[in-house]
Structures are given as C-alpha cells and as structure tokens.
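Structure, as structure tokens:
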Amino acid sequence: MKKRLYSIAVILLFGIGISAQKTDSVKQEIKKDAKKVGTAVKDGAEWTGKTAEKGYDATKKGVKKATKWTKKTAKKGAKAVDKTYQDAKADIKKD
C-alpha cells in the first residue's frame, strides 16, 4: 500500500513539476508574442502614416490639376457660347 501511495505521490509531483515548467514557458511565449504584436502595430502605424501623407500629396496635386483643367474648359465654353451668340446675332440682323 505504501508503494502505491509513494508511486502516486511521485507521479503527482512529477506532473506538477512539468506543469510548472510549461507555465513558465507559456508566460515566456506570451511575452514574446506581445512584443511581436507591439512591433507589428508600430510598423503598421508608421506605414499608415506614410501612406496617408502620400495620399494627401497626390490628392493635393490632383485637385490643382483639376482646377486648371476646369478653368481652361470653362474659358473654352465661354468662347464657344460667345461665338454662337455672335453668329446668332448676325443671323438675326440678316433676316
């Protein structure tokens, strides 16, 4: 009977020892993972900031180009309307 109790106690202590070792390694793995996540978040934030700046610059240039194009097109439209008006006015005088 004593041998069985000793055997059970040894197995129980052995299991506890292994469990304690796993717990420490799990804690270490969690710390490593937390560092990796922190690094990934930092890198992601930097990338997002750079991309946002590039997008801002591209939008700014696009708006400037669109404004110039709209201005030129409006001038052409105004000239076309004026020419049509002058032609219509001249046709009315002929009649």
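As numbered in mature numbering (1 follows the signal peptide of the UniProt record, and there is no 0), residues -22 to -1, 1 to 73 make up the sequence shown, in order.
For every residue, glycine included, the Cβ atom is placed at its ideal position computed from N, Cα and C.
Worksheet item: By how many angstroms is the C-alpha of SER3 removed from the C-alpha of GLY16?
Response: Position 38 of the sequence shown, counting from 1, holds the residue named residue 16. Position 25 of the sequence shown, counting from 1, holds the residue named residue 3. GLY16 and SER3 have their alpha carbons spaced roughly 20 angstroms apart.
Worksheet item: What's the C-alpha gap between GLN64 and LYS54?
Response: Here residue 64 is taken as the residue at index 86 of the sequence shown, counted from 1. Here residue 54 is taken as the residue at index 76 of the sequence shown, counted from 1. So the two alpha carbons sit approximately 15 angstroms from each other.
Worksheet item: What runs of the beta strand (DSSP E), each 3 residues or longer, lie entirely inside the segment 21 to 52?
Response: Entirely contained in the segment 21 to 52, not one beta strand (DSSP E) run reaches 3 residues.
Practice prompt. Give me the Cα-Cα distance between GLY(-6) and ASP11, rounded to the nearest whole angstrom.
Written response: Indexing the sequence shown from 1 puts residue -6 at position 17. Indexing the sequence shown from 1 puts residue 11 at position 33. The straight-line gap from Cα to Cα measures roughly 24 angstroms.
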